[in-house]
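Student: Quick note on numbering: the sequence shown equals residues 104 to 448 in my numbering.
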Amino acid sequence: MTEQQAPSMRQYGRHMFLCNHGDCAEPAAAEALLRQIEQWNRDVGLNQLRNPHRIKCSLVDCLGVCQKGPILVVYPDGVWYHSVDSAALERIYREHIIGGAPVEELIFHRLYPPGQEPAYAPGVRGDAPPAIDADRLSPVGASNNHDIAEPSTDRNAAADQRRQNARRHVQKKGLVIVNTGEGKGKTTAALGIMTRAWGRKMKVGVIQFLKHENARYGEIKAAARMGDIDWISTGDGWTWTSTDMDETIARARHAWSLAQERIINGGYDLFILDEFTYPLAYGWLDVNEVLAWLEANKPPMLHLVITGRYAPQNLIDFADLVTEMREIKHPFREQGIRAQAGIEY
Ligand code: FES
Numbered sequence: 104m105t106e107q108q109a110p111s112m113r114q115y116g117r118h119m120f121l122c123n124h125g126d127c128a129e130p131a132a133a134e135a136l137l138r139q140i141e142q143w144n145r146d147v148g149l150n151q152l153r154n155p156h157r158i159k160c161s162l163v164d165c166l167g168v169c170q171k172g173p174i175l176v177v178y179p180d181g182v183w184y185h186s187v188d189s190a191a192l193e194r195i196y197r198e199h200i201i202g203g204a205p206v207e208e209l210i211f212h213r214l215y216p217p218g219q220e221p222a223y224a225p226g227v228r229g230d231a232p233p234a235i236d237a238d239r240l241s242p243v244g245a246s247n248n249h250d251i252a253e254p255s256t257d258r259n260a261a262a263d264q265r266r267q268n269a270r271r272h273v274q275k276k277g278l279v280i281v282n283t284g285e286g287k288g289k290t291t292a293a294l295g296i297m298t299r300a301w302g303r304k305m306k307v308g309v310i311q312f313l314k315h316e317n318a319r320y321g322e323i324k325a326a327a328r329m330g331d332i333d334w335i336s337t338g339d340g341w342t343w344t345s346t347d348m349d350e351t352i353a354r355a356r357h358a359w360s361l362a363q364e365r366i367i368n369g370g371y372d373l374f375i376l377d378e379f380t381y382p383l384a385y386g387w388l389d390v391n392e393v394l395a396w397l398e399a400n401k402p403p404m405l406h407l408v409i410t411g412r413y414a415p416q417n418l419i420d421f422a423d424l425v426t427e428m429r430e431i432k433h434p435f436r437e438q439g440i441r442a443q444a445g446i447e448y
């Protein structure tokens, strides 16, 4: 038989218990006090998960005292307060919870002699004492606003309704994604999506519209090693340094016809048109014709990623997601460091 591990505990700074459903007071009174504490916790950040001083506050069944209620117990201080109304609660919160000094005249029972209470969780963990501005507390009664403190059943119903509405609006769609701008990272971000899609066993294709002279980039090698990625060459010769513009334009058009064929017949989940904005921006391809063709022919669930500077405005309007890369610093401009293998290419 394997030994069972004890569950770990999410630590709170303090836990406050309010008695309920006995003869101390009407349940509504304790519930109102609970909502007030929750409001003040929000006011000063004592509800936040990462705050080591955060407070959990609970309504509990009768504590077996049933006199001078409602009763409020602050754990682990071991302090029991009686006759807690809104005024008493405010003093307790300000003086004890924030100030660290229990309100002696409201105490009717102590588990430990004053000054000998066990250290509460933040002290045990060695965190700094809370620095809380008590002026941030809402006035008493502010928690009656249902926007900030609905009764728990109403709150659950409202949350359910929000979840149902959100589900109704969830649609799936093959996105048109454009990475543009002067900064680096446009193709890199597209290849990040490629990697993610490949990891999900989606069918992925890439076509590069500009062929650089030293094109054996790291990403091409990576795609070859990953396998199952169609990396489509647009043919030889059309490069950034081309001097024959007729040839360059013809190559761009040829590449677009290859891309069209793949988009229609390739069965891809993701297709990347790398540096496709240049033929559009330079007028080698008519952007309106390209967009009309995509509108008519792009499979609805195909995600299309287009990269490059100077994205035409009508392409931006057509796309679902557009990101502009902005350069803030560049190693070549500031330090004369040239592009390095494995980083830039
Ligand atoms: S309800 Fe019984 S002690 Fe408060």
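Backbone N, C-alpha and C define an ideal beta-carbon position, used for all residues, glycine too.
1) Since Gly308 and Asp333 should fall inside the 8 Å C-beta cutoff, what is the C-beta to C-beta distance between them, to a whole number of angstroms?
2) Relative to the alpha-carbon of Glu198, which residue among Ala231, Gly386, Asp238 has its alpha-carbon at the smallest distance?
3) How would you call Val227, buried or exposed, if buried means at least 16 neighbouring beta carbons within 10 angstroms?
4) Rank Pro179, Pro233, Ala231, Leu192 by C-alpha distance to the C-alpha of Tyr215 and give the top, closest one.
5) Would you say Leu166 touches ligand 1, meaning its beta carbon is less than 6 Å from a heavy atom?
6) Pop quiz: Ala133 and Leu162 are said to be a contact at Cβ under 8 Å. What is the actual Cβ separation, rounded to whole angstroms?
7) If we require 3 or more residues per run, which beta strand (DSSP E) segments fall completely within the stretch 372-409?
8) Could you tell me the alpha carbon to alpha carbon distance between Gly116 and Arg157, rounded to whole angstroms?
9) Among the residues of its own chain, which have a CB less than 8 Å from the CB of Asn150, if the five just before and after it don't count?
10) Could you give the residue range of the alpha helix (DSSP H) that holds Ile367?
11) Whose CA, out of Leu175, Glu378, Asp389, lies closest to the CA of Gly284?
12) Closer than 6 Å to a non-hydrogen atom of ligand 1 - does that hold for the CB of Gly116?
13) Taking DSSP's pairing of strands, which residues face Gln311 in a bridge?
14) How many angstroms separate the CA atom of Ile446 from the CA atom of His406?
15) What do you reckon, are the CB atoms on Asp423 and Val279 nearer than 7 Å?
16) To which residues of the same chain is Tyr320 closer than 8 Å at the C-beta, ignoring the five residues directly before and after it?
17) Name the DSSP beta bridge partners of Asn282, please?
18) Buried or exposed for Asn248, going by 16 or more other Cβ atoms inside 10 Å?
19) Which residues in the same chain have their Cβ closer than 8 Å to the Cβ of Asn391, if we skip the five residues on either side of it in sequence?
20) What are the complete alpha helix (DSSP H) segments, minimum 4 residues, inside the stretch 124-209?
21) Apply the 10 Å Cβ neighbour rule to Tyr330 and answer buried if 16 or more other Cβ atoms are within range, or exposed otherwise.
22) With burial defined as no fewer than 16 other Cβ atoms inside 10 Å of the residue's Cβ, what is the status of Met348: buried or exposed?
23) Skipping 5 residues on each side, what residues in its chain have a beta carbon closer than 8 Å to that of Lys275?
24) Flag this pair as yes or no: are the beta carbons of Leu136 and Leu209 separated by less than 7 Å?
25) Does ligand 2 have a heavy atom nearer than 6 Å to the CB of Ile210?
26) Assuming Ser186 contacts Val243 under a Cβ cut-off of 8 Å, what Cβ separation, rounded to an integer in Å, is found between them?
27) For Ala293, which of Thr426, Asp230, Tyr196 has the nearest alpha-carbon?
Tutor: Reading it off the structure:
1) By 1-based counting over the sequence shown, the position of residue 308 is 205. By 1-based counting over the sequence shown, the position of residue 333 is 230. Going by Cβ atoms, the distance from Gly308 to Asp333 rounds to 4 Å, so yes, they are a contact pair.
2) As a working mapping, residue 198 is identified with position 95 in the sequence shown. Glu198 has its Cα closest to that of Asp238, out of Ala231, Gly386, Asp238.
3) Stepping through the sequence shown from its first residue, residue 227 is reached at position 124. When all chains shown are included, Val227 counts as exposed.
4) Taking the first residue of the sequence shown as 1, we reach residue 215 at position 112. Of Pro179, Pro233, Ala231, Leu192, the residue nearest in Cα terms is Pro179.
5) What you label residue 166 is simply residue 63 of the sequence shown in a count that begins at 1. Yes, since a heavy atom of ligand 1 falls inside the 6 Å radius drawn around the Cβ of Leu166.
6) Translated into the one-based positions of the sequence shown, residue 133 becomes position 30. Translated into the one-based positions of the sequence shown, residue 162 becomes position 59. Contact holds; Cβ gap of about 6 Å.
7) 373-377
8) On the sequence shown, residue 116 is found 13 positions in, with the first residue counted as 1. On the sequence shown, residue 157 is found 54 positions in, with the first residue counted as 1. If I take the Cα positions, the gap works out to 5 Å.
9) Taking the sequence shown and counting its residues from 1, one reaches residue 150 at position 47. Excluding sequence neighbours, Asn150 sits near Glu141, Asn144, Arg157, Ile158.
10) Here residue 367 corresponds to residue number 264 of the sequence shown, with the count starting at 1. Note, Ile367: alpha helix (DSSP H), 348-368.
11) For this step, residue 284 is matched to residue 181 along the sequence shown. When only C-alpha atoms are compared, the closest one is Glu378.
12) Reading the sequence shown from its first residue, position 13 is the one you call residue 116. No, the Cβ of Gly116 stays beyond 6 Å of every heavy atom of ligand 1.
13) The residue you call residue 311 lines up with position 208 of the sequence shown. Asp377, per the DSSP bridge assignment.
14) The sequence position of residue 446 within the sequence shown is 343, counting from 1. The sequence position of residue 406 within the sequence shown is 303, counting from 1. Computed Cα separation, rounded: 26 Å.
15) The residue you call residue 423 lines up with position 320 of the sequence shown. The residue you call residue 279 lines up with position 176 of the sequence shown. Yes; because the gap between Cβ atoms is below 7 Å, this pair is in contact.
16) On the sequence shown, residue 320 is found 217 positions in, with the first residue counted as 1. So the list reads Tyr448, once near-sequence residues are dropped.
17) Within the sequence shown, residue 282 is the residue found at index 179, counting from 1. For Asn282, which the question treats as bridged, DSSP gives the partners Thr410, Thr426.
18) Start at 1 with the first residue of the sequence shown, and residue 248 comes out as number 145. In this prediction, Asn248 scores a pLDDT of 46, lower than 50, which makes its location untrustworthy; no coordinate-derived value is stated.
19) The sequence position of residue 391 within the sequence shown is 288, counting from 1. For Asn391, where only same-chain residues beyond five positions count, the Cβ hits under 8 Å are Asn417.
20) 130-147, 189-194
21) Indexing the sequence shown from 1 puts residue 330 at position 227. It is worth fixing the name first, because residue 330 is Gly in this sequence and not Tyr. Answer is exposed; the Cβ neighbour count stays below 16.
22) One-based indexing of the sequence shown puts residue 348 at position 245. Its Cβ having fewer than 16 others within 10 Å, Met348 is exposed.
23) Counted from its first residue, the sequence shown places residue 275 at position 172. Cβ within range, chain order: Met404.
24) Numbered from its first residue, the sequence shown carries residue 136 at position 33. Numbered from its first residue, the sequence shown carries residue 209 at position 106. For Leu136 and Leu209, no; Cβs fall outside 7 Å.
25) Ligand 2 is absent from the structure shown, which contains only ligand 1.
26) The residue given as residue 186 occupies position 83 in the sequence shown. The residue given as residue 243 occupies position 140 in the sequence shown. Between Val243 and Ser186 the Cβ distance is about 16 Å, and since that is not below 8 Å, they are no contact.
27) Translated into the one-based positions of the sequence shown, residue 293 becomes position 190. When each option's Cα is compared against that of Ala293, the closest is Thr426.
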